[in-house]
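Participant: Mind the numbering: the sequence shown is residues 142 to 456 in our numbering, read in order.
Just so it is clear, CB atoms sit at the ideal spot from N, CA and C, and this is done for glycine as well.
Quick caveat, the model's predicted, so the values are computed rather than measured.
Just passing along the structure, written as structure tokens.
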Amino acid sequence: MKNKLENLDLNLLRLLSAVVETRNTHTAAEKLGISQTSVSRGMAKLRETFGDRLFIRKAHGVEPSELAVRIAEASNTMLNPIVNVLESFQDFEPLKFEGSIKIAVHLAVLEVHGPDLFEALRNDFPNAYIELLYWQNNTTLEVLAGELDAVIQFEGFPLPQEIYMFPVLEYQVCLVGRKAHPVLSHTSEWEKVGNLPVARIVTDGMVSRREAMDEVYESKGFEAEVSFSSHSIRTILRKISTSDAVMYGTTYLRDVDDNVAFYPPPPNLPAAVSHYGLCLGYLQTKRDYPLTQALHQTLSTYFKNIETPPLEVQD
């Protein structure tokens, strides 16, 4: 019997359980939506597998043997959790979801979009416990371990293939400086901008400290003088608002600090540094998970509806 069990079709167990429950092969066929011929063939395979009559014919149906009853009980115990999982995939309702949602976000994105992201998630998952966490050095390992439901990170950030990334927003690079900046309010030409001090955001998880913009500066005959760096966008913008330092950023930072202005970038910036993308990601193995699909819909819709703030007009 052991070798026969290895190739047992689970549908046969569903058939056996249905016949035990209904005590009638015709009723069992209707319950399962199969033909009477399929029931007869299935019953023959069950007898062959278990070496038992399993059912005794009666005037108006069948009587299950003790072995049939026991197998039906065991198969229900085994199959019901599987059925529950499949039903949860088919009938997932975000409005009724009461579990936790854990998303890791690049700190700069969290500072810019965090409040509105939280509201978008709260609207679609009103009963969920929502955690928006900033990206740390161990975040990639947490994603691979299945501890995070989604991530939001910049395109080009080094991530393993096990994590699926989907573009949701493209940022156009601009120069960020204080209002009425003595240079940027008039021009963004390299001759005037190349020697200005630069402030930069620090990103955990990046191996190299050299950025693509450094190569651009060198190609223009300058060296980027990084005068200040921080994990915090708010801290950087505060520094910029009280100095002549500039930052290569985006007009989306307008809502973070209203003491800075946003100017056109230097001319002829290479494509690699003139814009950058923001991506939504999750484990490849979770792509078809109902919660993942619902999160994808909520987050991609949020970023799709964002309007890009304009640049300052130079003299």
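1) Sort Pro-407, Leu-236, His-437 by Cα distance to Tyr-358 and report the nearest one.
2) Is there contact here, the segment 385-397 with the segment 247-255, by at least three beta-carbon pairs under 8 Å?
3) Considering only DSSP beta bridges, list what Ile-304 is partnered with.
4) Which ranges does the alpha helix (DSSP H) cover as unbroken runs of at least 4 residues, wholly within the segment 324-358, from first to last along the chain?
5) Whole-angstrom Cβ separation of Leu-262 and Ile-293, contact assumed at under 8 Å?
6) By alpha-carbon positions, which one of Phe-295, Asn-336, Leu-378 ends up nearest to Asn-400?
7) Would you say Pro-267 lies against chain C (beta-carbon separation less than 7 Å)?
8) For the candidate residues Ser-371, Pro-338, Trp-331, whose alpha-carbon lies nearest to that of Ser-360?
9) With DSSP as the reference, identify every bridge partner of Glu-453, one or two as the case may be.
10) Give, in chain order, every unbroken run of the beta strand (DSSP E) that is at least 3 residues long and sits entirely within the segment 157-205.
11) Below 8 Å CB to CB, which residues in the same chain sit around Arg-319 once its five sequence neighbours on both sides are set aside?
12) Apply the 10 Å Cβ neighbour rule to Val-343 and answer buried if 16 or more other Cβ atoms are within range, or exposed otherwise.
13) So within the segment 262-299, which uninterrupted beta strand (DSSP E) runs reach at least 3 residues, ignoring any that extend past its ends?
14) Could you pull the DSSP bridge partners for His-416 from this structure?
Facilitator: Reading from the atomic positions:
1) If we check each option's Cα against that of Tyr-358, Pro-407 comes out closest.
2) yes
3) Leu-424
4) 331-334
5) The Cβ separation is near 12 Å, so there is no contact.
6) Leu-378
7) Going by chain labels, chain C is absent from the structure shown, which holds only one protein chain.
8) Closest by alpha carbon: Trp-331.
9) Per DSSP, none; premise fails for Glu-453.
10) 196-199, 202-205, all fully within the segment 157-205.
11) Ile-381, Ser-382, Thr-383, Ser-384, Asp-385, Asn-400, Val-401, Ala-402
12) exposed
13) 270-275, 291-295
14) Gln-313
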